[in-house]
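Protein chains in written order, with the UniProt record's numbering: chain G, 1 to 75; chain H, 1 to 205.
The structure appears right after this line, and notes come after that.
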């Protein structure tokens, strides 16, 4: 799942080497916090959050565990 | 980002650095060697770096390999076939797990398309499009929407009231507008802002 997120995010940004994803597991959910180069934040969020929403949808579709998946962007 | 210039000790090194920077494979680019490297004379004078100019000439190729990776890592059994139609790349998905990549009301399919479009925009300055279809889903969805449009138009006329439809994507709204454009008893327009923009069918008076 982390690899999938990395593939998606790295392909969208101008500074793929700056993409760092931190995974934390809770009881009901798994959170992925994405750290980005400052210039890339807008690109990954997209207009009205469309891009990040699309990322969440795709990750959710790939999710085979029972847990909910949260995708956040770190500031 | 379409073209970059890169320096290196050798031509190969410069090319490799450029590909890593652009995040693409060699098949997607054109390479022009601006300057060959030269070994310094007696290991001391007149050495020259190699300079290459790397241009992304096949942005569709980048999108295709992006989608291949994503599908592989989603762990779904889906095949991918691509077709270039002028300014558009049409991607057909098929196979056992195709339902999973379509999702509810095509949600996942639309998301994949949006991501692919985002990747494409990064690799080209031209107005190129990518459309992703799965087992004829777009066609079926279009038929469903046309049927819905006709039924709702009938209902609006019977009740003598305006009818608002569910929020839809731009493409889906267009299908509705087109389906009802030749009915002169009603008119259609879109209201609301994304992502809640929807078609309203209203009576002509």
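The C-beta atom is built at its ideal place from N, Cα and C for all residues, glycine as well.
At the level of alpha carbons, what is the spacing between residue 147 of chain H and residue 176 of chain H? For this step, residue 147 of chain H is matched to residue 147 along the second chain. For this step, residue 176 of chain H is matched to residue 176 along the second chain. Computed Cα separation, rounded: 9 Å.
List, in chain order, every chain H residue whose beta-carbon is nearer than 8 Å to that of residue 4 of chain G. Start at 1 with the first residue of the first chain, and residue 4 of chain G comes out as number 4. The contacting residues are 70, 73 and 74.
Reference residue 48 of chain H; option with closest CA among H/174, H/14, H/183 and H/199: The sequence position of residue 48 of chain H within the second chain is 48, counting from 1. The shortest C-alpha separation from residue 48 of chain H is found at H/14.
Residues that DSSP places opposite residue 23 of chain G in a beta bridge: Taking the first chain and counting its residues from 1, the one referred to as residue 23 of chain G is at position 23. Paired residues: G/32.
Complete runs of the beta strand (DSSP E) confined to the UniProt domain "R3H" (139-205) of chain H [at least 3 residues]: 163-167, 186-191 and 198-203
For residue 62 of chain G, which residues of its own chain have a beta-carbon under 7 Å away from its beta-carbon, when the five flanking residues on both sides are left out? Locating residue 62 of chain G in the first chain gives position 62, counting from the first residue. So the qualifying residues of the chain are 1 and 4.
Closer than 8 Å, CB to CB, is residue 80 of chain H near chain G or not? Counted from its first residue, the second chain places residue 80 of chain H at position 80. Not an interface residue.
Within 10 angstroms of the Cβ of residue 24 of chain H, are there 16 or more other Cβ atoms? Answer buried if so, exposed if not. The count along the second chain starts at 1 and reaches residue 24 of chain H at position 24. Result: buried.
Between the beta-carbon of residue 195 of chain H and the beta-carbon of residue 48 of chain G, is there less than 8 Å? Position 195 of the second chain, counted from the start, is the residue given in the question as residue 195 of chain H. Position 48 of the first chain, counted from the start, is the residue given in the question as residue 48 of chain G. Yes; because the gap between Cβ atoms is below 8 Å, this pair is in contact.
Tell me whether the beta-carbon of residue 184 of chain H lies closer than 8 Å to the beta-carbon of residue 155 of chain H. Within the second chain, the letter at position 184 stands for residue 184 of chain H. Within the second chain, the letter at position 155 stands for residue 155 of chain H. Cβ distance not < 8 Å, so residue 184 of chain H and residue 155 of chain H don't count as in contact.
Residue closest to residue 14 of chain G, alpha-carbon to alpha-carbon, out of G/59, G/37, G/53 and G/70: Taking the first residue of the first chain as 1, we reach residue 14 of chain G at position 14. Comparing Cα-Cα distances from residue 14 of chain G to each of G/59, G/37, G/53 and G/70, the minimum goes to G/37.
Should the region 129-139 of chain H be regarded as contacting the region 83-90 of chain H, the criterion being three or more beta carbon pairs within less than 8 Å? yes
Which term fits residue 20 of chain H, buried or exposed, when burial requires 16 or more other beta carbons within 10 angstroms of its beta carbon? Translated into positions along the second chain, residue 20 of chain H becomes position 20. With fewer than 16 other Cβ atoms within 10 Å, it is exposed.
Cutting at 6 Å between CB atoms, please list the residues of its own chain near residue 135 of chain H, excluding the five before and the five after it. Within the second chain, the letter at position 135 stands for residue 135 of chain H. Around residue 135 of chain H: 94 and 98.
Report the option in H/72, H/202, H/125 and H/193 whose CA atom is closest to the CA atom of residue 169 of chain H. Here the question's residue 169 of chain H lines up with position 169 in the second chain. Out of H/72, H/202, H/125 and H/193, H/193 has the C-alpha closest to the C-alpha of residue 169 of chain H.
Does the beta-carbon distance from residue 34 of chain G to residue 45 of chain G come in below 8 Å? Walking along the first chain from the start, residue 34 of chain G turns up at place 34. Walking along the first chain from the start, residue 45 of chain G turns up at place 45. Against a cut-off of 8 Å, the Cβ pair of residue 45 of chain G and residue 34 of chain G comes out as no contact.
Please check the pair residue 10 of chain G and residue 114 of chain H, which I expect to be a contact at CB under 8 Å, by giving their CB distance rounded to whole angstroms. What you label residue 10 of chain G is simply residue 10 of the first chain in a count that begins at 1. What you label residue 114 of chain H is simply residue 114 of the second chain in a count that begins at 1. 17 Å between Cβ atoms; not a contact.
Just grab the DSSP bridge partners of residue 85 of chain H for me. Indexing the second chain from 1 puts residue 85 of chain H at position 85. According to DSSP, which records beta bridges pairwise, residue 85 of chain H is partnered with H/88.
With distances taken from CA atoms, which of H/202, H/68, H/11 and H/69 is nearest residue 158 of chain H? Locating residue 158 of chain H in the second chain gives position 158, counting from the first residue. Taking only the C-alpha atoms, the option nearest residue 158 of chain H is H/202.
Show which residues of chain H have a CB atom less than 8 Å away from the CB atom of residue 12 of chain G. Within the first chain, residue 12 of chain G is the residue found at index 12, counting from 1. Residues of chain H passing the Cβ test: 115, 118, 119 and 122.
Are the region 48-58 of chain H and the region 54-69 of chain G touching by the rule of at least three beta carbon pairs closer than 8 Å? no
Using only the alpha-carbon positions, how far apart do residue 163 of chain H and residue 200 of chain H sit? The residue labelled residue 163 of chain H in the question sits at position 163 within the second chain. The residue labelled residue 200 of chain H in the question sits at position 200 within the second chain. Going from the Cα of residue 163 of chain H to the Cα of residue 200 of chain H covers about 6 Å.
Counterpart residues of residue 79 of chain H in DSSP-defined beta bridges: Counted from its first residue, the second chain places residue 79 of chain H at position 79. Paired residue(s): H/94.
So what does DSSP say about residue 37 of chain H, is it helix, strand or coil? On the second chain, residue 37 of chain H is found 37 positions in, with the first residue counted as 1. Note: residue 37 of chain H maps to coil in three-state DSSP.
Residue nearest to residue 66 of chain H in terms of C-alpha spacing, selected from H/125, H/12 and H/112: In the second chain, counting from the first residue as 1, residue 66 of chain H sits at position 66. When only C-alpha atoms are compared, the closest one is H/112.
Which residues of the region 17-49 of chain G have a Cβ closer than 7 Å to any Cβ of chain H? Give them in chain order. 48
Residues of the UniProt domain "R3H" (139-205) of chain H with a CB closer than 8 Å to any CB of chain G: list them in chain order, please. 194 and 195
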